[in-house]
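Colleague: Numbering of the sequence shown is given in the numbering used here, commencing with residue 1074 and proceeding in unit increments. For reference, the structure I am asking about is given below.
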Amino acid sequence: QLPLAQEIVELLGVRTLCVPGVEADDTIATLAARARAEAASDAGAGGSSSPPPTTLVQVCSSDKDFHQLLVEGEVEMLKPGVGGIIEPYTVADLRDDWQIEPEQFLDALALMGDAADNIPGIKGVGRKTAIKLLTQYGDLETAISCAGEIKGKVAREGLTHNADQARLSRQLAALDQNVDLSKVVPGGASVMDALAVDLASCDVEAAHQAMDDLQLRRLRGRWDELVGAAHVVAAQRAATGRQLGTGAEGAFGVDRLPF
């Protein structure tokens, strides 16, 4: 099914990148880091009076591992919700849900573990205790160095006797933001250009045929709406001479269409 899905996505004008031998999460993390760096570079090139980069990177996933990538005003997640509605998940949402900062999220996973990803953590330490420790000590290493003064027996003994396991858990949970993308993104090329969605130039007939063959009727209807909107935006830009921006509209080629 994966090759079919990739074929459909590319016919819809959405580009795909696959780095052989590399986890998709690490590729996404690297793309996010590169795109964020490009946004900062573009803003800096405009001089001191240029505005700071706006939200450029939006990672569409409900996987909590991506919480470690969140940067206020620059990187957010788009989480599929009930009824197919996609909602943004920001640093503020992480603070509300976890009472920690993004840079503390790896430490939280190191303490509590994650069975889904085979991350052991510290036995007996759950989310509540992990958050409590990070609130008190700030980070994993400080909590380890102060293990002897922790009141809770399980956490105290766990960090005293299994500090290396906690450190290993942190390494396992960390996404690689330095994947070699040279095979999928030519040297010197912009990541945002490599990922740009161009709905206005899609092969509509081929896309329709592929979706009809797989009986993807709802997808076809929604996609037709997006393509129609993309042509309107492209016509407006042609008439006004407006160029693509570096935010979501620059990434998708349209003004925040509801993907």
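Here a beta-carbon is modelled for each residue, glycine too, at the ideal position from N, C-alpha and C.
Do Asp1276 and Leu1084 come within 8 Å of each other at the CB atom, strictly closer than that value?
Modeller: Closer than 8 Å, so yes.
Colleague: Among Asp1271, Met1150, Pro1161, which one has its Cα closest to the Cα of Arg1088?
Modeller: Considering only alpha carbons, the answer is Asp1271.
Colleague: Between Ile1173 and Leu1207, is the Cβ-Cβ spacing less than 8 Å?
Modeller: For Ile1173 and Leu1207, yes; Cβs fall inside 8 Å.
Colleague: Here's the rule I'm using: 16 or more other beta-carbon atoms within 10 Å means buried, otherwise exposed. How should Leu1075 be labelled?
Modeller: Classification of Leu1075: exposed, given that the 10 Å Cβ count is below 16.
Colleague: Can you give me the start and stop residues for the beta strand (DSSP E) that Leu1151 sits inside?
Modeller: Its beta strand (DSSP E) spans residues 1148-1153.
Colleague: Please state whether DSSP places Leu1268 in a helix, a strand or coil.
Modeller: Leu1268 falls in the helix class under three-state DSSP.
Colleague: Which of the three DSSP states is assigned to Ile1192 in this structure?
Modeller: Ile1192 falls in the strand class under three-state DSSP.
Colleague: Between the Cα of Ile1192 and those of Arg1240, His1140, Thr1215, Ala1165, spot the shortest distance and give me the residue it belongs to.
Modeller: Checked all of Arg1240, His1140, Thr1215, Ala1165; the closest Cα to Ile1192 is Arg1240.
Colleague: Please tell me whether Val1198 and Ala1228 are closer than 8 Å, where the distance is taken between their beta carbons.
Modeller: Yes, these two residues count as a Cβ contact at 8 Å.
Colleague: Report, in whole angstroms, the separation of the C-beta atoms of Leu1213 and Arg1243, which I expect to be a contact under 8 Å.
Modeller: Yes, Leu1213 and Arg1243 are in contact; Cβ-Cβ is about 6 Å, under 8 Å.
Colleague: Does DSSP put Gly1318 in a helix, a strand or coil?
Modeller: In this prediction, Gly1318 scores a pLDDT of 36, lower than 50, which makes its location untrustworthy; no coordinate-derived value is stated.
Colleague: Go to Ile1217, then tell me how far its alpha helix (DSSP H) extends in each direction, as first and last residue.
Modeller: Where Ile1217 is concerned, the enclosing alpha helix (DSSP H) stretches over 1213-1218.
Colleague: Whose C-beta lies closer than 7 Å to the C-beta of Leu1179 among residues of the same chain, with five residues either side of it excluded?
Modeller: Excluding sequence neighbours, Leu1179 sits near Gln1141, Arg1243, Ala1246, Ala1247.
Colleague: Which one of Glu1145, Gly1154, Thr1202 has the shortest CA to CA distance from Pro1175?
Modeller: The shortest Cα separation from Pro1175 among Glu1145, Gly1154, Thr1202 belongs to Glu1145.
Colleague: Should Ala1078 go down as buried or exposed, given a rule of 16 or more other Cβ atoms within 10 Å for buried?
Modeller: Classification for Ala1078: exposed.
Colleague: Determine the extent of the alpha helix (DSSP H) in which Pro1175 is found, giving its start and end residues.
Modeller: Where Pro1175 is concerned, there is no enclosing alpha helix (DSSP H), given that its DSSP letter is neither H nor E.
Colleague: State the DSSP-derived secondary structure class of Glu1278, mapped to helix, strand or coil.
Modeller: It is helical.
Colleague: When the Cα of Glu1147 is compared with those of Thr1163, Val1264, Asn1251, Gly1156, which residue comes out closest?
Modeller: The shortest Cα separation from Glu1147 among Thr1163, Val1264, Asn1251, Gly1156 belongs to Thr1163.
Colleague: Pick from Cys1091, Val1305, Gly1086, Gly1231: whose alpha carbon is nearest that of Gly1186?
Modeller: Ranking the options by Cα distance to Gly1186, first place goes to Gly1231.
Colleague: I need the DSSP call for Val1132, collapsed to helix, strand or coil.
Modeller: If DSSP states are grouped into helix, strand and coil, Val1132 belongs with the strands.
Colleague: For Arg1109, count neighbouring C-beta atoms within 10 Å of its own C-beta (all shown protein chains included) and say buried if the count is 16 or more, exposed if not.
Modeller: It is buried - the Cβ of Arg1109 has at least 16 other Cβ atoms within 10 Å.
Colleague: According to DSSP, is Glu1080 helix, strand or coil?
Modeller: The answer is helix: DSSP assigns Glu1080 an H, G or I state.
Colleague: Looking at the secondary structure, which residues open and close the alpha helix (DSSP H) in which Ile1204 lies?
Modeller: Segment 1200-1210, the alpha helix (DSSP H) holding Ile1204.
Colleague: How many Å lie between Asp1266 and Asn1251 at the Cα?
Modeller: If I take the Cα positions, the gap works out to 19 Å.
Colleague: Taking the alpha-carbon of Gly1225 as reference, which of Asp1115, Gln1238, Ala1203 has the nearest alpha-carbon?
Modeller: The option with the nearest alpha carbon to Gly1225 is Ala1203.
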